[in-house]
Structures are given as structure tokens and as C-alpha cells.
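Protein chains in written order, with the numbering used here: chain A, 1 to 772; chain B, 773 to 1042. Using N, Cα and C, we set each Cβ at its ideal position, and we do this for glycine too. For reference, the structure discussed in these notes is given below.
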């Protein structure tokens, strides 16, 4: 029984009196609505001419056009009708000699199909006609083989040489050597061969042998290439002559080494750059298909004024969005299929499939790539919806999609590089995995487990993106609009406000990281890298500027209360003592955490190069202790607390309305920032920094003040920095600390530290802020 | 259950870049079945915000509301099922026909297929849509689109109708259609809130009135009651008085009021 008919039977009055309010239905019924909702979205999208254009017209035009252009281009490169190089000969060279001199050298068409290296046969006529054409190049070879009688010969391109093959034509009559330059200069001929006669030195009686000179027109690539080719033939001719001469003597030609070129079969087929280009192209085309419906079904709803009545309906946003997702996905998949078919047909028709694809276009490959494209389409549709859901108008959505498209191009181009191979790591990087896997599928070299990882990770991203979209779509901010961040910044309020508006807080956070990286990079321009103290002081100044001065300036500018924003409030002595105790033991915990995360550090072995170690040693030996303490402990303690535990927590509390989320997000940002700004990207720092951040965040939130955290942060950093200075003291209490050995700390020391930490936590808890 | 709409002390405070603004400040109202309540006020008085809170599109900062006996905060789905939202700014899906559009709204409101067909026939007749019901909406005239929109809103036959500036931007014919529609809703026994800033049209149409000024319901009652309270004949005059009184007494406080340094945000999350 369908949910609909069940409903009618409940009606006492029959269909003449439909119910005023439909009774609540089971959740499953609501879910069954999704396909019906999707049908409307699909109907709407597919009736739109603009969708149809990108869906059908684009692929039908683009691929054949592209195919034709590429074919033309390729044909031009191997075209037998391309003009031959005109060779003009010195009239002192006998015509017979000239012919054998310029004869095509032994064919270097080495077949390696059977895997057994073969020497190019000495036979004169191992021309390409004997071999059945198997590739484009061979086709071209057989074509050029049928050259006109006027041509002296045809030089086939060896498989690894560049450029089209060269044909030569002798100029109708030999010319005087002194006129030769003029022939070349006026482009009547492209190459000249001049002979200087053999002479006998009158005094010594030695014979100066005849000299051949190959002339080319300077600055003319074609002439130069022809000259190089002619020179090659002359050398081959000389070899032949020499061999004959030796054969006639008693020495025999055996003393003359032979030089031949061989090729061995290639186990890993050379991936054609076009092979990576095809999936990238498919990915881009699939994107274009999904973009329009995605905007239309989300931002378009608001623009048409249908979003509010949609939100007024008793249907969950997730269901609405799932319906939209199905519609966008369908259009995207249709686009993908049409593109794939058009592309493969074009490849097949032009014969390129055998050049670009290892096994030609097969049905199996079609299915595999289609599967990949469906997954990609679902991923991209979800991402698109999550972005366009933010937008309030078509134009806004388009403006936001441009960066996304550009962003998508970067991994796409990365995957065009021949050295990049799909690994498990790359298989979880969105888009890169799809393009690389697509390339491997086209080459027939894709690994099953990587296929699985790629599909799985992409599906996970899809679900995540869909969740984001469902949260954003039709949310108050989008539905009713709110002023943008810049407007909020420009407009100063009359009175004092309690906090940093979300858009300004998050905006500064996003700006901070690139600013920090760029300005850090500039440090070496101001002070030489060798001057470590100078570098440290500069980075200290930078920290003060970005984490303290500018956030305070922002707060002042928008008239936010600095006391509120930076939590510059009173605190209890107990909290301060507790924080200080924690600060003293924090390095022990951090050290242990670092030890625990050793597998991770081994994983990051590559990054742990000797340069880092050297830097650490130089830091301790070349900079005064005071500078180190001030720039690496005091300044970061004050400034980072002001920013992360003041500014950021204030912003997040307003946004998330949750203590836990505020703590987790701010701590994550704190830890991630330390990993990012560290130039070596040492991921192993993350757990330890996260722990430190979490404790600091807890103290800030429980005490309501930033000051105890500053004390703890400074102590923690300071102690870690002065381990070397404190070494005698540590030795005295029987602690032999050798960071190099990376061994665990002694048990008694750990227990003491844990006890002190517990006391610290207790004191912090005692000094917590009682809610009013 | 004669009171179909009940709002108790609704309050909505927006935190804006220029400080906190009380869009709706302690608003209470009741609307019975078969009653048209005119929520009147200038632009920005808080009418639309009030409607959105009653419908559950916006969470009130404090206070509560119920529709057809369902609480907005705890039973949002039932509330939405009981309400039709009519707004002049609502659009149509240009690529769908009125029939498809109405079927879509039937799906949204979980109206069964058979009921939907029955409703569509009924509404098509009521709003005279039959001649163009299968043509795409993009080809319809403004008047036809308006009729489709009204028919669409009644697809699920709700007991409550919220009308947000339904006559905005309409000509005389269009406005007349809205008045007829509202009168018909009254006959059907629906509870209607009619939001408008056009006071004279409300005076003809509504049973009771609420005059909103800067987030507060300043004057409320039937026309007779209002006349007694204010000593004025027309609603326009009452309104002008209201504005004058408010402007003279609380000139400064009427500016957007930033709430100075409140730890309220922290308190709310706890």
C-alpha cells in the first residue's frame, strides 16, 4: 500500500473532506518523499535550456572539434607533403658520389615487440613497408616511404627523436662552391655541401684529404635540422667507405667497432601526457554540467523568492537537499556519460585511442571510468551544493564557484605531471585521486586497492559536503540575509559591544596564517639568515604584531570591549598557582606524548633531516639565553594567549554557543597553526601542542581570565627551552635527560610530575569562575 | 480550540554590527478561527519577524507561540503543516506548470496523491486556473501567477494563514483579488494574520488590529475598541499619534540599542 492510499482510508468523510492537518507520518514515509522531491528538481533542471546546452551541446561540439584540431596538428607533423629540404651540391662532387653520400643510412626501425633486442639489419631495404603498421607513427612511416622519385631518400624518425621525418631533394644542378652561400641566403636551397679538394703538402709530401662542409642558413631551424641530418648521412657514408677500404686491406673491417642502437621492451608503459589530460578534461566537463543546476536549485530558490515558502513547509532540510542532490547528480552523471561517449567516439574515429590508450578503447575501461565519474560527480555535486547554498543570488554563487574551479585545476594539473603516481596517500586527496586514477584506468594500469580507496574516500567527502550543505541551505543567515563581514568592519557602532562579530573574527584568522607565512619569509630579507638572534627578535616582533597588536587594534576599531574580548579579568590566586604548577610539568607530559607518537615521527622521518638538528644546535649555541627566553617563551606566551585564548575563544563562543566546540575548535586551530608555521611541517608536534592548547583553553574558560594561562604558557615554553641550562640541576636530582636517545623518563619522575599536575588541576578547579 | 494562533511575550533580538536590535519586543496576540487579525506597522516595525517566529522559521529570543494547539518550539513540523504562508515576494518555479507546482507542494506537505488531485481540481476552479494549469509558469501573466501562488498556498488546506504584505507591488485588480481571497478564508473559518503597512485597506478587511511600532504591539483590539482607546476615527490617525508620542518621549532609546558589555552570550551557552 502506498503511503498515499493509506492516508485516504483514514478519512472519515472520504475525499470530499480532506483533512485540515495531515497527521504526522512515520519517518520512513518522509524518506519516500525524497525521490518525489528529486523528480521536481530534475524536471526543473532538465527543462532549462541552459542546462541542456552544457549537457548535450557542449560535449557534442567540443570533442569532435578538439579531436579534429589535434588530428590536424599531428598530421601536419607527419605529413608527407611537407616540403623537402633542397640540397645544393658543389659541382666538384661527382653525381654518383653525391647519391650514395646522401643515401638513407641503415634503417633504425628496430622492432622490439617480441622482447628480444634485435640489431638493425645491415640490409639496405629494411624499410617500414615490410612491417605492418601498428601505430600512428608506422602509418606515417608507410606514407612517407612512398615518396616521389625526386627525393633522395626519406629519413624516418626514430621513435625517440623529435620532429617530423626529413626528406631531401637535390637541387637540379650542381653549383660553383663560391656561389653556394648565395643559394642558401636567398632560400633557393636549404643545405649546401661543399668539397675542398684533396691537396698534397709540398714540403712534407703528406696528403691533405678532401674536406666536406655542410652549410646551413643561420637562424633558420629547418635549414639547421636538415644540415644536421645531412651531416649524419655523410658520417654514415664515410663509415661505409672506411669499412669497404678496410675490407680490401689485410686488416679487415673487424677492427672497426660497430655502433648500433637497441631498444628493450618497456615494462611500465610510458604514460602519455594526453592520458592524464583525458580524465582532467572529463572531470572539468562533469563539473560544468553540475554547476548550473546546483546554483539554480539552491541560490536560485532564494532569488526566485521560493526559499522562504520552501522553509515554511514541514520537510527537513536534509530531505530537501537530498532531493536537490539527486537531481544535480543525475545531471552531472548524464553530462559525464555524454562526455565520455563523445570523447571515446572521437578518439576511436580519429584513431588516437591506439596512441593515447595502452589497449585502445575497451568496454571494460568505459565501465571503470564511468564508475569513477559517477563517484566524482556525486562528490562534486555535494561540494557544489554546499557552496551554492551559502549564496543568496545567482551572481554570488557564481562568484564563489570561480575560486573553487581554479582550486580544482591545481590538483588536476599536478596529476598531469608524469612523475606523479597514485599512492594510498594521494588516493585520499580529493580530485587528485580521481584524475590520477582516471589516467591509470586509461592506461590500464590502475591498482584495485587504490581504486577502492579512491572511491571510498570520495564517498566520505560526499557525505560530509552534503551535511554541510544541509546545515547551510535555508539557514537564517541565508534566508533572511545578514550584513557581510566587510560592512560590519566598516560600520563602527555607537556603543561598546561585548565581542568580536563572527565574520570579523574568522576573517582575521583566515588572513593571519598567510600573513604570518609571508612575513616570516620576509625575515631573511631584513636580517641575514646566519644572524639567529636577529631572526629570533624579528619573529618575536612579528608575533607581537599579528597576535597582539592587530587583534587589539581590530577590537578597538569596532569598539568591542577589550576586557571582554581578551578576557582581561581578575582571577583567583588558586588558579594562578595551579596554572604555574601545570606549566612546570607540562613539558614532561609533552615529552611523553612526543614519545608516544614516535611511530608518527618515524613516518615523518623524511622531514627530520639533519638541517633541522643543526638549526636546533646552532640555536642553543649561537643565541644568548635571554633572547631565546624572551622571543620563544615570553612573547609567544603573552601574544598567543591574547589571540587564541582571548580573541579566538570570544569569536567562537558567539558562533558555536557551546563550551566544548569552542574548546575543540580553538585548540585545533592552535595546534594546526603551530604545525603549519613550522616550516618543516612536523606533524609530530600536533598531539603535544594540542594537549598544551587544551589545558590552556580549559584554564581560560574555567577562570574566565587569560592571565593564568599566560603564566603557564610562559613556564612551559621556558622550561623546555632551558633544559640544557638546567641540566646540572637535573643531574643533581638524578635525572639524566638525553633527548637524543629518545628514551622514556624514569618512573619516579613521571609519577611526581603527574602528582604535581593533579595538584595543579585541583587548584585550577578550585579557582574556577562561579557562574553568577 | 477557538484560539488558533497564540503568541506570548515574543521577543527577538538581533546582534548586528551596529549593536543589538530588538526587532520584536514582548509581543502577545491571539487569533481565533474565522478571524482576520491585521498586524499593522511601518516597514521595519517587526511584522515579518513576528510571522516568522509564529511559523517557526525563526527562533524567538524569548517567549513562546503556538499554532492550532501545537507549540512552535517543540512541534515545529505540526505547526508548519497547519500554516499557509502567503507573501507577495514568493515566486514560482518557472519551468513547472501550475499543476506540477501544486503537486510538488502536495509532496512537501505530505498530501496524498488522491487528495492532491482532488485539491488541485477544487483550487483550480476556485482561482480560475483551469485554462492554463498545464502551461509552464514562465508564460503566465502576473495576475495568473498571483492566483497560482494563492492556490499553491492552500494546497494542504491549513487552518491558519499568515499573509506577509500580500498586496505589495500589486495593482488594484491584484489587491482586490487578495481582499476577496481573505474574505473567503474568513468564510472557511481560517485564522488569518494579515500583515500590511497599508492601513486603509486593513481597516476594511480585518476584524481586529494590532498596531506595531518598533517591535512593540502598541495598540490592539477591534476598530471600536481602538477608537475608544485612542479617541481617533481612522487607524491612520491613531498611527500618526503613536509615532508622535514615541518619538517625543524616547527619541534616543529608539535608536538601535546596543547592549553594553553583556556576558549574555556566555550565559546562553551554559
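Interface flag, residue i vs chain B, CB-CB below 7 Å
i              : result
residue 306(A) : yes
residue 309(A) : yes
residue 40(A)  : yes
residue 565(A) : no
residue 695(A) : no
residue 374(A) : no
residue 36(A)  : yes
residue 33(A)  : yes
residue 48(A)  : yes
residue 518(A) : no
residue 396(A) : no
residue 315(A) : yes
residue 622(A) : no
residue 44(A)  : yes
residue 484(A) : The predicted model places residue 484(A) with a pLDDT of 46, which falls under 50 and marks its position as unreliable; any figure quoted below should be read in that light. Answer no: the Cβ-Cβ gap between residue 484(A) and chain B never drops below 7 Å.
Test: residue i CB closer than 7 Å to a CB of chain A
i              : result
residue 849(B) : yes
residue 863(B) : yes
residue 893(B) : no
residue 853(B) : yes
residue 880(B) : yes
Partner residues on chain C for residue i, Cβ-Cβ distance less than 8 Å
i              : result
residue 312(A) : In the displayed structure, chain C is absent; the protein chains listed are A and B.
Distance CB(residue i)-CB(residue j) smaller than 7 Å
i              : j              : result
residue 797(B) : residue 988(B) : yes
residue 707(A) : residue 547(A) : no
residue 332(A) : residue 300(A) : no
residue 639(A) : residue 554(A) : no
residue 983(B) : residue 991(B) : yes
residue 400(A) : residue 391(A) : yes
residue 714(A) : residue 633(A) : yes
residue 800(B) : residue 783(B) : no
residue 384(A) : residue 438(A) : no
residue 513(A) : residue 651(A) : no
residue 950(B) : residue 811(B) : no
CA nearest to the CA of residue i, picked from the options
i               : options                           : result
residue 1013(B) : 985(B), 995(B), 993(B) and 996(B) : 985(B)
residue 83(A)   : 226(A), 33(A), 656(A) and 583(A)  : 226(A)
residue 471(A)  : 439(A), 389(A) and 56(A)          : 389(A)
residue 653(A)  : 696(A), 675(A), 690(A) and 701(A) : 701(A)
residue 809(B)  : 974(B), 903(B) and 824(B)         : 974(B)
residue 542(A)  : 631(A), 765(A), 184(A) and 167(A) : 631(A)
residue 894(B)  : 922(B), 915(B), 861(B) and 802(B) : 922(B)
residue 326(A)  : 696(A), 381(A) and 229(A)         : 381(A)
residue 641(A)  : 658(A), 659(A), 568(A) and 417(A) : 568(A)
residue 38(A)   : 807(B), 967(B), 850(B) and 877(B) : 877(B)
residue 927(B)  : 826(B), 881(B) and 787(B)         : 881(B)
residue 574(A)  : 431(A), 186(A) and 762(A)         : 762(A)
residue 423(A)  : 324(A), 431(A), 711(A) and 436(A) : 436(A)
8 Å contact criterion, which residue i and residue j should meet: CB distance rounded
i              : j              : result
residue 469(A) : residue 321(A) : 5 Å
residue 282(A) : residue 318(A) : With a Cβ gap of about 30 Å, residue 282(A) and residue 318(A) do not count as contacting.
residue 428(A) : residue 457(A) : 4 Å
residue 669(A) : residue 580(A) : That pair is no contact at about 25 Å.
Contact set for residue i: own chain, Cβ-Cβ below 6 Å, skip 5 residues either direction
i              : result
residue 672(A) : none
residue 130(A) : Confidence in residue 130(A) is poor, its pLDDT being 38 and thus under 50, which makes the residue's placement too unreliable to answer from.
residue 98(A)  : 89
residue 521(A) : none
Sequence-distant residues of the same chain with beta carbon closer than 8 Å to residue i, five excluded per side
i              : result
residue 931(B) : 776, 805, 840, 854, 961, 962 and 963
residue 909(B) : 864, 865, 866, 867, 868, 869, 870, 873, 917 and 920
residue 532(A) : 618, 619, 622 and 623
residue 776(A) : Since the first residue shown for chain A is 1 and the last is 772, residue 776(A) is missing from the structure and cannot be characterised.
residue 231(A) : 214
Sequence-distant residues of the same chain with beta carbon closer than 7 Å to residue i, five excluded per side
i              : result
residue 587(A) : 716, 719 and 720
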